[in-house]
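Protein chains: 2
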Amino acid sequence: MVSERGLQVLRAIVQDYVDTREPVGSKAIVERHAFGVSAATIRNDMALLEDEELIAAPHTSSGRVPTDKGYRVFVDHLAEIRPLSPAQRTAISQFLEGSNDLDDVLVRTVRALTQLTGQVAIVQYPSFAKANISHIELVALDGPRVIVIVVTDTGRVSQRLAVLPDDLDETEIARLRAEVSTLLVGKTVREGVARVEERATSPAETTRHERAVAAVLRVVEEELDEFRQDRLVMAGTANLARREADFRGSIYPLLEAIEEQVTLLRLMGEMVADDNGLAASIGRENEAFGLSEASVVASDYDATGARARVGLMGPTRMDYPSNLASVRAVARYLTRLLSDDESNR
Amino acid sequence: MVSERGLQVLRAIVQDYVDTREPVGSKAIVERHAFGVSAATIRNDMALLEDEELIAAPHTSSGRVPTDKGYRVFVDHLAEIRPLSPAQRTAISQFLEGSNDLDDVLVRTVRALTQLTGQVAIVQYPSFAKANISHIELVALDGPRVIVIVVTDTGRVSQRLAVLPDDLDETEIARLRAEVSTLLVGKTVREGVARVEERATSPAETTRHERAVAAVLRVVEEELDEFRQDRLVMAGTANLARREADFRGSIYPLLEAIEEQVTLLRLMGEMVADDNGLAASIGRENEAFGLSEASVVASDYDATGARARVGLMGPTRMDYPSNLASVRAVARYLTRLLSDDESNR
DNA sequence: ATTGGCACTCACCGTGGATGAGTGCCAACA
DNA sequence: TGTTGGCACTCATCCACGGTGAGTGCCAAT
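Line by line, the protein sequences are chains A and B. To convert, note that position 269 of the first sequence is 269 in the UniProt record's numbering; the numbers rise steadily by one, no gaps. To convert, note that position 179 of the second sequence is 179 in the UniProt record's numbering; the numbers rise steadily by one, no gaps.
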């Protein structure tokens, strides 16, 4: 079994390796860390750590490198998440100040986070499946074209164009708006989708009015669908190129995941947070998502009841304590901004 | 001076180099292309091409590689743009079929183009500076919050949240809507911005109504600004990782440009198109944008009078004829979709 | 449990020779 | 004048080789 000092050795190895990018040997450890024992003793500890597969040697006689499992133990038991420096805190608030609507806040958030960590920053839109539909508006354009606007009480707005089967005048449009509103306003997004689908299976579209309602509902359904599959905002993609050396293979899978979004959404969604709302998914733990060489660090945040995540993606060899601290701090800012200060939305 | 055959040699060098990624020597040329002369003769031609700086040798005794200037001559005088194959054409139409609004069409377009070329595809939104504001709508939410929607006749819709200084009732909102509409509807985006700024410098905001108008106009101005600085839609970013070997340095500047957008917008805007609306900007010609190792190929397209560009970005060592053909074909589809078939928007 | 000692492994580095692709030049030729 | 074969030369690439040093594993002594 690994001793207490053994764990400290693991900690030292992780820290030094993240620092220097080079396999760390027993001698280097006794030099850089005051263990008060000789290199031979450290070697014995390292042999045990290797038995437990927490560290590994790239080649027979070289220093050791943390395994994914080693990083996991480090993150779970050894990492101290130190609070951000005042300078970093003011940096965050400077990024976020003066933002109005949700979109804006989220964009600024990822910018702040990528600035802070030098990694790819990611934020989930608050889940809208449980949000309530608070408004539906129709704006008549020329001819049969109508803009359909859907608003939820979490502050998300969506707009999309519908082409009606017939030209309608103002009173007909008003009737349309009233009917669609009574059908959906006050419902959650999830219920809304159900209502629309139910309605779609009802008898044939005979009258002008019925045809118009059907056309509008089709568009509304698309919009609600978009709400359900919460989206991502990202920044700092270019950082991947800078950190390229940390990826054995290519950064292709990461860029692909960034473009796909769906993969990242699922990954972020499935991560299990600890008591502080913090979560990390390390290296091969992401194998199912094609991201075996990447780590994702995330934190929950609250937005008017809806819960979502903000985090970052980078190489397995990343500075977990500092990144966890940054993510946590940003998540707290976000929660404060989106929940407490209602008027700010 | 470079002879006619000399130019054909240049063509062969470009083609083979793009093909094999390796410097091409005189012997390889006589083997792969039926010039009917010996390698020594080709060597003489190559010496001339080198004098003209159209090709260069990576090291003293190795095959030659086209210079940026060489690619330029190739594109301008030697490249034959062959029409796409039927299979490629059907691929495009399959990508584009069933799309509704502008956003959708553009997203599908870049997907088609990236699929076709394996490069990063880029499309500019049609320029909205000259577009007319056709609608302004206010949607009252709870309390003082109002959604401000601006629509242009080119089909672009923007919505944004405004927080008014006071709570207003329905009639006041209606008055607000009427006032803002008379001020702006029918104007071009450019004129609209001017109107708003002019109005902003007028006397103090005394009444509730005046304060509200000012608040709404501030938001409208932001939206109009967004219209003016036409945006981009992109796809295929991950392809950069696949083609990484073609970039001597790193792909960092490219990823950065993709994230910035502004750089790419300026670049695409400044390119000079030929009679067919096609344009290419090669390697060092992009130095001012920090993209000396990339080439951009683009084509104009029309959308209800507004003109914009669709194109792609990739390594200097790219297949120009095929990429030019793809861009041209996609641009034609786009023009047809956005201009002719009005009802489709 | 810790330590110093020691043999051993192996990546890394610089050297050197062989290989071969490709050039530049020249004299001969049509 | 343009074309050609011949030939010497250059230089990247490959591989084999030995030396160096960081680092390990093991063991006997403390």
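Ideal Cβ positions, reconstructed from N, Cα and C, are used throughout, including at glycine.
Please name the residues in the region 140 to 155 of chain B whose beta-carbon is closer than 9 Å to at least one beta-carbon of chain A, in chain order.
-> Using a CB distance below 9 Å, the part of the region 140 to 155 of chain B facing chain A consists of Ala140, Leu141, Asp142, Gly143, Pro144, Arg145, Ile147, Ile149, Val151, Asp153 and Gly155, ordered along the chain.
Between the Cα of Pro23 (chain A) and those of A:Leu161, A:Leu54, A:Pro66 and A:Arg5, spot the shortest distance and give me the residue it belongs to.
-> A:Pro66
Flag this pair as yes or no: are the beta carbons of Asp230 (chain B) and Ser127 (chain B) separated by less than 7 Å?
-> yes
How about Arg248 (chain B) and Val18 (chain B): do their beta carbons lie closer than 7 Å?
-> no
Arg345 (chain A) versus Arg32 (chain A) - alpha carbon distance = Annotation note: pLDDT 40 at Arg345 (chain A) (below 50); position unreliable, no value reported.
Name the residues in the region 157 to 184 of chain A whose C-beta lies less than 9 Å from a C-beta of chain B; which are they?
-> Val157, Ser158, Gln159, Arg160, Leu161, Ala162 and Val163
Can you give the Cα-Cα distance for Ala215 (chain A) and Thr206 (chain A), rounded to whole angstroms?
-> Whole-angstrom Cα-Cα distance: 13 Å.
Quick one: is Thr171 (chain B) buried, meaning 16 or more other Cβ sit within 10 Å of its Cβ, or exposed?
-> exposed
Mind checking the region 222 to 241 of chain A against chain B and listing, in chain order, the residues whose C-beta falls within less than 8 Å of any C-beta there?
-> For the region 222 to 241 of chain A, the beta-carbon criterion of a distance under 8 Å to any beta-carbon of chain B is satisfied by Ala235, Gly236, Thr237, Ala238, Leu240 and Ala241.
Out of A:Leu254, A:Val146 and A:Ala112, point me to the one whose CA is closest to Glu293 (chain A)'s CA.
-> A:Leu254
Asp19 (chain A) in three-state terms, based on DSSP = helix
What residues from chain A crowd round Asp101 (chain B), counting only those whose CB sits closer than 7 Å?
-> Arg160 and Leu161
Given a cut-off of 7 Å, decide if Leu49 (chain B) and Leu78 (chain B) are closer than it, judged by their beta-carbon atoms.
-> Remark: C-beta atoms of Leu78 (chain B) and Leu49 (chain B) do not approach each other more closely than 7 Å.
Per-residue DSSP class, three states only, for Met268 (chain B) | helix
Inter-residue spacing [alpha-carbon to alpha-carbon] between Asp167 (chain A) and Gly143 (chain A) | 6 Å
Are at least three pairs of beta-carbons, each pair with one atom in the region 218 to 236 of chain A and one in the region 81 to 98 of chain A, less than 8 Å apart?
-> no
Using a Cβ-Cβ cut-off of 7 Å, state whether Glu137 (chain A) counts as contacting chain B.
-> yes
Tell whether a beta-carbon distance below 7 Å holds between Ala279 (chain B) and Ala298 (chain B).
-> In contact: Ala279 (chain B) and Ala298 (chain B) (Cβ atoms closer than 7 Å).
Tyr125 (chain B) CB to nearest chain A CB: under 7 Å?
-> no
Return the residue from the list A:Val180, A:Gly314, A:Leu264 and A:Val310 that minimises the CA-CA distance to Ala288 (chain A).
-> The shortest Cα separation from Ala288 (chain A) among A:Val180, A:Gly314, A:Leu264 and A:Val310 belongs to A:Leu264.
Report, in whole angstroms, the separation of the C-beta atoms of Asp153 (chain A) and Ser181 (chain A), which I expect to be a contact under 8 Å.
-> Between Ser181 (chain A) and Asp153 (chain A) the Cβ distance is about 15 Å, and since that is not below 8 Å, they are no contact.
Residues in its own chain within less than 6 Å of Gly186 (chain B) by CB, not counting five upstream and five downstream?
-> none
Please decide whether Glu287 (chain A) counts as near chain B, where near means a Cβ-Cβ distance under 7 Å.
-> no
Name the residues in the region 29 to 61 of chain B whose C-beta lies less than 8 Å from a C-beta of chain A; which are they?
-> none
Rounded to the nearest angstrom, how far is the Cβ of Val233 (chain A) from that of Val110 (chain A), given a contact under 8 Å?
-> 5 Å
Just tell me which of A:Ser322, A:Gly290, A:Val272 and A:Leu291 has its CA closest to the CA of Asp300 (chain A).
-> A:Val272
Would you list, in sequence order, the uninterrupted alpha helix (DSSP H) runs of no fewer than 4 residues that lie entirely inside the region 37 to 104 of chain A?
-> 39 to 51, 68 to 73 and 86 to 96
Does the Cβ-Cβ distance between Asn323 (chain B) and Thr117 (chain B) come in under 7 Å?
-> yes
Using a Cβ cut-off of 9 Å, pull out every chain A residue sitting near Ser134 (chain B), in sequence order please.
-> Leu141 and Asp142
Identify which residue in A:Leu224, A:Ala329, A:Lys27 and A:Arg5 has its Cα closest to the Cα of Ile136 (chain A).
-> A:Leu224
For Asn276 (chain A), does the count of other Cβ atoms within 10 angstroms reach 16, so buried, or fall short, so exposed?
-> exposed
Anyone know if the C-beta pair for Val189 (chain B) and Ala131 (chain B) falls short of 7 Å?
-> yes
Proximal residues to Ser63 (chain A) (C-beta, below 6 Å), its chain only, five neighbours per side dropped = It should be pointed out that residue 63 (chain A) corresponds to Gly in this sequence rather than to Ser. Within the same chain, Gly63 (chain A) has close Cβ partners Pro23, Val24 and Gly25.
Got a sec: does the ligand FMN put a non-hydrogen atom nearer than 6 Å to the Cβ of Met234 (chain A)?
-> The model depicted lacks the ligand FMN and carries no ligand whatsoever.
Note down, in chain order, all residues in the region 310 to 336 of chain A with a beta-carbon under 9 Å from any beta-carbon belonging to chain B.
-> Interface annotation for the region 310 to 336 of chain A against chain B: empty, criterion Cβ-Cβ distance under 9 Å.
Contact set for Ala140 (chain B): own chain, Cβ-Cβ below 6 Å, skip 5 residues either direction = Val146 and Ile173
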